[in-house]
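In the numbering used here, the protein residues as written are 97 to 195. Think of the CB as a built atom: it goes at the ideal place given N, C-alpha and C, for glycine as much as any other residue. All values reported here derive from a predicted model rather than from experimental measurement.
This is the structure in C-alpha cells:
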C-alpha cells in the first residue's frame, strides 16, 4: 500500500498533515512580512544616510566655497556606495522571503 492510500484511509494522519500544511503556510506568510519590513528598514536607512551626506555637503560648501568640487565629488561617491549596500540589503531580504 502506498502512502497516498494510507493517508486516504487514516483520517487522523490526514488531519495531522493538513495542520502541518497550515502551519507551514503561516510560517511563510510571517517570513514574507518580515522580509517586507526588512526591505523597508533598509530603504529608510539608506535615505537617512544619503540625506545626512547631502546636509553635510551643503554645510561644508557653505563654509568653504572653494572646496565645493571636492566636497561634491566625495558626497556623490558616498551616496553611490550607500545605494549599492542598500540594494544588496533589499535583494537579500527578498531572497530570504522567496527561498
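Host alpha helix (DSSP H) of residue i (start-end)
| i | result |
| --- | --- |
| residue 195 | First-last for residue 195: undefined, no H or E at that position. |
Proximity below 8 Å, CB of residue i to CB of residue j
| i | j | result |
| --- | --- | --- |
| residue 182 | residue 139 | yes |
| residue 207 | residue 190 | Residue 207 lies beyond the stretch modelled for the chain, which goes from 97 to 195, so this question has no answer here. |
| residue 109 | residue 149 | no |
| residue 157 | residue 164 | yes |
From the options, residue whose alpha carbon lies closest to that of residue i
| i | options | result |
| --- | --- | --- |
| residue 135 | 195, 186 and 129 | 186 |
| residue 144 | 164, 161, 178 and 115 | 178 |
| residue 193 | 115, 176, 126 and 165 | 126 |
| residue 176 | 147, 165 and 157 | 147 |
| residue 184 | 166, 168, 137 and 170 | 137 |
If you scan the region 101–186 from start to end, which runs of the alpha helix (DSSP H) of 4 or more residues do you find wholly inside it? 107–159
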